[in-house]
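Remarks on the structure that follows.
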Amino acid sequence: MDTEAEIRMRALITRGIELFDRFVVWTMDRFGVKFARLAIGVVFIWFGALKIMGDLSPAYDLVAATVYFATPEIIVPLLGVWEVAIGLAFLFPPTTRLALLMLIPQMPGTFLPLVLLPEVTYTVFPFGLTIEGQYIVKNLVIIACALIIGGHALRKHKADTESITLPERATA
């Protein structure tokens, strides 16, 4: 049988855990999407800038080998500019839709080496990934972040537009 002091202590600990949980959830709600937006923006700007500079990008050879219809000296920096633009668009909430639209053709292209260059992306197909393969598969996290950011932004936009009252149309 528990003593009165043990019961009170257990209740106090339970209450402390509940308060901590509420604080953690509040913090995640308040800052999670903002941080995801910042993180995805920085990653795209950083990786894109490396592609613009050429040899600094660890993905240069991978992109060059995957996109065989254009010269690497043109396509890699062009892809870099595209990625910097995506990153900048993610940083500013009003341009979220633009970022998502720009991501649509970009993301599937990042997975092409898994199909076109299996000798570069796998040690043992289908689960043994090389560093290059891991670099590509991590894009699933970027897609998940983009979905969360996009869903949040579009839901917020819908709520904002529903609160606007349009003037009544005059009839003759």
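Going by our numbering, the first residue of the sequence shown is number 1133, and it counts up by one from there.
The beta-carbon is built from N, C-alpha and C at its ideal position, and this holds for glycine as well.
What residues match up with residue 1254 in a beta bridge as DSSP calls it? The sequence position of residue 1254 within the sequence shown is 122, counting from 1. Residue pairing by DSSP puts residue 1254 in a beta bridge opposite 1261.
Of the choices 1287, 1280 and 1286, whose alpha-carbon is the least far from that of residue 1160? Residue mapping note: residue 1160 aligns to position 28 of the sequence shown, counting from 1. Nearest C-alpha to residue 1160: 1280.
### Query
Would you call the region 1174 to 1193 and the region 1147 to 1159 in contact, with 3 or more CB pairs under 8 angstroms?
Cβ pair count under 8 angstroms is below three, so no.
Short Cβ contact (8 angstroms threshold) for residue 1216 with residue 1177: Counting from one through the sequence shown, the residue named residue 1216 turns up at place 84. Counting from one through the sequence shown, the residue named residue 1177 turns up at place 45. With respect to residue 1177, residue 1216 sits close: the two C-beta atoms are nearer than 8 angstroms.
**Between the CA atoms of residue 1256 and residue 1207 - distance to the nearest angstrom** = Counting from 1 along the sequence shown, the entry for residue 1207 is found at position 75. Counting from 1 along the sequence shown, the entry for residue 1256 is found at position 124. For residue 1207 and residue 1256, the distance between alpha carbons rounds to 30 angstroms.
Mind checking which residues open and close the alpha helix (DSSP H) that includes residue 1216? Position 84 of the sequence shown, counted from the start, is the residue given in the question as residue 1216. First-last of the alpha helix (DSSP H) with residue 1216: 1204 to 1223.
- Query: Among 1174, 1180 and 1274, which has the Cα closest to the Cα of residue 1213?
  - Reply: Looking up residue 1213 in the sequence shown gives position 81. Taking only the C-alpha atoms, the option nearest residue 1213 is 1180.
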